[in-house]
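Have a look at the structure below before the remarks.
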Amino acid sequence: MSGRAAEVMRTGLWSNNPGLVQLLGLCPLLAVSTSFVNGLGLGIATTLVLLLSNVTVSLIRDVVRPEIRIPVFVLVIASFVTAVELAMNAWFHELYRVLGIFIPLIVTNCAIIGRAEAFASRERPGLAALDGIAMGLGFTAVLVTLGAARELIGQGTLFAGAHMMFGEAARAVELQAFDGGFLLALLPPGAFIGLGLLVAAKNLVDAGLQRRQPAAPPLPAAAPGEAA
Amino acid sequence: MATRAEVLRSMRRAAGLLAGFAVLGAVLVALTWESTAERIAANEQDFLLRSLADVLPADGYDNAVHEDAITVTDPELLGTPEPVTVYRARRDGKPVAAVLTPTAPAGYSGPIRLLVGIRADGTLGGVRVVSHRETPGLGDKIEVERNDWIRGFKGRSLQDPRPGRWAVQRDGGVFDQFTGATITPRAVVSAVRDALIYFDRNRDALFAAPAGAAGLPSPAAGDEEEE
Numbered sequence: 739m740s741g742r743a744a745e746v747m748r749t750g751l752w753s754n755n756p757g758l759v760q761l762l763g764l765c766p767l768l769a770v771s772t773s774f775v776n777g778l779g780l781g782i783a784t785t786l787v788l789l790l791s792n793v794t795v796s797l798i799r800d801v802v803r804p805e806i807r808i809p810v811f812v813l814v815i816a817s818f819v820t821a822v823e824l825a826m827n828a829w830f831h832e833l834y835r836v837l838g839i840f841i842p843l844i845v846t847n848c849a850i851i852g853r854a855e856a857f858a859s860r861e862r863p864g865l866a867a868l869d870g871i872a873m874g875l876g877f878t879a880v881l882v883t884l885g886a887a888r889e890l891i892g893q894g895t896l897f898a899g900a901h902m903m904f905g906e907a908a909r910a911v912e913l914q915a916f917d918g919g920f921l922l923a924l925l926p927p928g929a930f931i932g933l934g935l936l937v938a939a940k941n942l943v944d945a946g947l948q949r950r951q952p953a954a955p956p957l958p959a960a961a962p963g964e965a966a
Numbered sequence: 063m064a065t066r067a068e069v070l071r072s073m074r075r076a077a078g079l080l081a082g083f084a085v086l087g088a089v090l091v092a093l094t095w096e097s098t099a100e101r102i103a104a105n106e107q108d109f110l111l112r113s114l115a116d117v118l119p120a121d122g123y124d125n126a127v128h129e130d131a132i133t134v135t136d137p138e139l140l141g142t143p144e145p146v147t148v149y150r151a152r153r154d155g156k157p158v159a160a161v162l163t164p165t166a167p168a169g170y171s172g173p174i175r176l177l178v179g180i181r182a183d184g185t186l187g188g189v190r191v192v193s194h195r196e197t198p199g200l201g202d203k204i205e206v207e208r209n210d211w212i213r214g215f216k217g218r219s220l221q222d223p224r225p226g227r228w229a230v231q232r233d234g235g236v237f238d239q240f241t242g243a244t245i246t247p248r249a250v251v252s253a254v255r256d257a258l259i260y261f262d263r264n265r266d267a268l269f270a271a272p273a274g275a276a277g278l279p280s281p282a283a284g285d286e287e288e289e
């Protein structure tokens with residue numbers, strides 16, 4: 739069964755990445771990825787909600803009747819998002835102030851209800867939890883990469899605001915690479931361009947991998963993963 | 063074929079389930095709220111106190127500023143039709159400074175909410191931005207974490223600079239604008255100036271109003287010089 743687990747991880751992190759392949763949750767992804775720290779904050783919050791909602795949906799999958807499954811999923815997700823929002827307000831107040839509206843908007847991230855419907859409602863809680871973590875980490879990875887790139891190009895800094903998440907000691911890692919910066923990267927068009935480039939980069943890597951093993955028969959499903 | 067009774071039963075069961083989950087969700091949210099409410103209130107108060115301390119003369123006052131608050135309304139000078147909170151700082155019961163919370167309505171992407179600390183003598187104790195939606199990298203230089211620009215208001219008053227010079231340089235004033243962003247600093251400068259004018263006109267009434275009051279005791283006092 740561990741082959742199944744590895745596949746779930748690979749699916750979430752790479753081959754069916756919510757940000758790069760499913761293109762779900764674009765609104766928060768594009769809006770919040772103006773810096774590394776913002777991206778990480780929203781990524782962690784989203785991962786937490788995905789994990790909680792996936793496990794819950796999986797646990798109740800035999801109880802919930804098909805005709806009310808969508809409203810029940812929405813209820814579950816909305817409750818967890820509100821709980822996570824309150825918790826962030828209590829323990830990461832400064833970050834909460836920065837992310838503001840995007841925490842409650844996690845509710846509308848289609849990746850979450852998508853996973854509940856497509857995966858968690860059909861699988862054991864353990865696998866559903868793993869899927870939530872994998873999808874969440876995949877989403878976080880895109881948020882963080884895009885955030886870091888936009889921050890560096892747009893304002894010449896990296897990890898700015900890290901103290902909001904990790905306490906005052908983290909000010910030490912906040913880098914100022916150069917002054918000024920290329921403003922476009924921080925504006926909405928920069929977000930679209932950046933995400934487009936990331937998607938293209940992923941496709942390039944995939945194409946490269948495929949070329950290296952020309953007519954490999956699709957039976958050992960684990961092989962391409964190990965190459966990656 | 064499902065009979066009418068069967069359909070009804072299945073509808074009832076579905077509705078019951080949905081209601082059950084709604085209750086569970088509400089319980090979860092209520093419990094989280096219960097265990098975080100105190101901390102969140104403390105965070106918010108802490109944030110307010112720190113912001114107030116930023117725009118007030120250090121150690122110049124001895125009252126609980128955040129509790130000695132009133133609300134006033136002046137759409138023209140305070141930038142919003144909503145009631146605006148004014149905090150009063152006192153030492154031995156005597157007025158030291160007031161903190162106004164006006165809005166600069168003419169920001170580049172919407173209103174900018176400000177904290178304007180004004181000493182009793184009419185000089186500025188400091189200005190801070192509470193919230194805004196200005197362009198990252200351009201207009202957000204009004205945040206004190208990003209740029210020292212906003213500190214430049216400290217010590218200014220309606221007489222310094224002279225009335226006609228209360229503007230950004232592009233408009234013939236003394237305040238810097240940012241490269242690529244004039245609208246944002248222009249909005250902030252004129253909101254601060256308007257707050258000073260409001261304070262100048264209502265100084266005594268602002269300090270005289272009892273804490274918690276909505277509106278000033280004698281609204282007519284606004285337009286004429288009293289002393």
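Going down the list, the protein sequences come from chains A and B.
The opening residue of the first sequence carries number 739 in the working numbering; numbering runs sequentially from there.
The opening residue of the second sequence carries number 63 in the working numbering; numbering runs sequentially from there.
Note that CB positions come from ideal geometry on N, CA and C, so glycine has one too.
Residue 824 of chain A: contacting residues in chain B (beta-carbon distance under 9 Å): Here residue 824 of chain A corresponds to residue number 86 of the first sequence, with the count starting at 1. Those within 9 Å of residue 824 of chain A in chain B are 91, 94, 95, 97, 98, 99 and 102.
Straight-line Cα distance separating residue 163 of chain B from residue 254 of chain B: Position 192 of the second sequence, counting from 1, holds the residue named residue 254 of chain B. Position 101 of the second sequence, counting from 1, holds the residue named residue 163 of chain B. Distance between the alpha carbons of residue 254 of chain B and residue 163 of chain B is about 10 Å.
Should residue 185 of chain B go down as buried or exposed, given a rule of 16 or more other Cβ atoms within 10 Å for buried? Counting from 1 along the second sequence, the entry for residue 185 of chain B is found at position 123. Looking at its Cβ environment, which holds 16 or more other Cβ atoms inside 10 Å, residue 185 of chain B is buried.
As assigned by DSSP and simplified to three states, the class of residue 174 of chain B: Stepping through the second sequence from its first residue, residue 174 of chain B is reached at position 112. Strand at residue 174 of chain B.
Beta-bridge pairing of residue 122 of chain B - partner residues as DSSP gives them: Within the second sequence, the letter at position 60 stands for residue 122 of chain B. Answer by DSSP bridge pairing: none, since residue 122 of chain B is not bridged.
Just to confirm before moving on: does the CB-CB distance between residue 751 of chain A and residue 947 of chain A stay below 8 Å? For the purposes of this step, residue 751 of chain A is taken as residue 13 along the first sequence, with counting starting at 1. For the purposes of this step, residue 947 of chain A is taken as residue 209 along the first sequence, with counting starting at 1. In this structure, residue 947 of chain A does not lie closer than 8 Å to residue 751 of chain A by Cβ.
Kindly list, in the order they appear in chain A, the residues whose Cβ is closer than 8 Å to that of residue 76 of chain B. Indexing the second sequence from 1 puts residue 76 of chain B at position 14. Simply 803, 805 and 806.
Roughly how far, in whole angstroms, is the beta-carbon of residue 932 of chain A from the beta-carbon of residue 887 of chain A, given that I think they are within contact range, below 8 Å? Numbered from its first residue, the first sequence carries residue 932 of chain A at position 194. Numbered from its first residue, the first sequence carries residue 887 of chain A at position 149. That pair is a contact at about 6 Å.
If you follow the alpha helix (DSSP H) that residue 753 of chain A is in, where does it begin and where does it stop? Along the first sequence, one-based indexing puts residue 753 of chain A at 15. Note, residue 753 of chain A: premise wrong, no alpha helix (DSSP H); not H, not E.
Kindly indicate the opening and closing residues of the beta strand (DSSP E) around residue 131 of chain B. Stepping through the second sequence from its first residue, residue 131 of chain B is reached at position 69. Start and end: 131 to 134.
Once DSSP output is grouped into helix, strand and coil, what is the label at residue 913 of chain A? To locate residue 913 of chain A, count along the first sequence from 1; it is residue 175. Note: residue 913 of chain A maps to strand in three-state DSSP.
Around the Cβ of residue 755 of chain A, are there at least 16 other Cβ atoms within 10 angstroms (buried) or fewer (exposed)? Here the question's residue 755 of chain A lines up with position 17 in the first sequence. So residue 755 of chain A ends up on the buried side.
Rounded to whole angstroms, what is the Cα-Cα separation between residue 273 of chain B and residue 128 of chain B? Counting from 1 along the second sequence, the entry for residue 273 of chain B is found at position 211. Counting from 1 along the second sequence, the entry for residue 128 of chain B is found at position 66. So the alpha carbons of these two residues sit roughly 10 Å apart.
Decide if residue 681 of chain A is buried, meaning its Cβ has at least 16 other Cβ atoms within 10 Å, or exposed. Residue 681 of chain A is absent from the structure shown; chain A starts at 739 and stops at 966.
Determine, using beta carbons only, whether residue 177 of chain B and residue 250 of chain B come nearer to each other than 8 Å. Numbered from its first residue, the second sequence carries residue 177 of chain B at position 115. Numbered from its first residue, the second sequence carries residue 250 of chain B at position 188. No. Outside cutoff.
Under 8 Å, do residue 191 of chain B and residue 174 of chain B count as touching if we go by C-beta distance? Position 129 of the second sequence holds residue 191 of chain B. Position 112 of the second sequence holds residue 174 of chain B. In contact: residue 191 of chain B and residue 174 of chain B (Cβ atoms closer than 8 Å).
For residue 934 of chain A, three-class secondary structure by DSSP: Residue numbering aside, residue 934 of chain A sits at position 196 when the first sequence is read from its first letter. The answer is helix: DSSP assigns residue 934 of chain A an H, G or I state.
Report yes or no: is there a C-beta of chain B within less than 8 Å of the C-beta of residue 846 of chain A? Walking along the first sequence from the start, residue 846 of chain A turns up at place 108. No, residue 846 of chain A lies away from the interface with chain B (no Cβ there is under 8 Å from its Cβ).
Taking buried to mean at least 16 other C-beta atoms within 10 Å of its own C-beta, is residue 70 of chain B buried or exposed? Within the second sequence, the letter at position 8 stands for residue 70 of chain B. So residue 70 of chain B counts as exposed.
In terms of residue numbering, what span does the alpha helix (DSSP H) encompassing residue 186 of chain B cover? Within the second sequence, the letter at position 124 stands for residue 186 of chain B. Note, residue 186 of chain B: premise wrong, no alpha helix (DSSP H); beta strand (DSSP E) at 186 to 193.
Counting only C-beta atoms, is residue 827 of chain A closer than 8 Å to chain B at any point? What you label residue 827 of chain A is simply residue 89 of the first sequence in a count that begins at 1. At least one chain B Cβ lies under 8 Å of residue 827 of chain A.
Can you tell me which of the three DSSP states residue 759 of chain A falls into? Within the first sequence, residue 759 of chain A is the residue found at index 21, counting from 1. In the structure shown, residue 759 of chain A sits in coil (DSSP, three-state: anything other than H, G, I, E or B).
Checking contacts by CB at 8 Å: is residue 83 of chain B closer than that to chain A? Within the second sequence, numbered from 1, the residue matching residue 83 of chain B stands at position 21. Chain A, which has a Cβ nearer than 8 Å to the Cβ of residue 83 of chain B, makes this yes.
Does the beta carbon of residue 237 of chain B sit closer than 8 Å to a beta carbon anywhere in chain A? One-based indexing of the second sequence puts residue 237 of chain B at position 175. No, because no Cβ of chain A sits closer than 8 Å to the Cβ of residue 237 of chain B.
Looking at the C-beta of residue 87 of chain B, does it have a partner C-beta in chain A at a distance below 8 Å? Translated into positions along the second sequence, residue 87 of chain B becomes position 25. Judged by the 8 Å Cβ criterion, residue 87 of chain B is in contact with chain A.
Unbroken alpha helix (DSSP H) runs of length 4 or more, entirely within the segment 127 to 169 of chain B: which are they? 137 to 140
Using the Cβ count rule (16 or more neighbours within 10 Å means buried), how would you classify residue 805 of chain A? Within the first sequence, the letter at position 67 stands for residue 805 of chain A. Exposed, by the Cβ-count rule.
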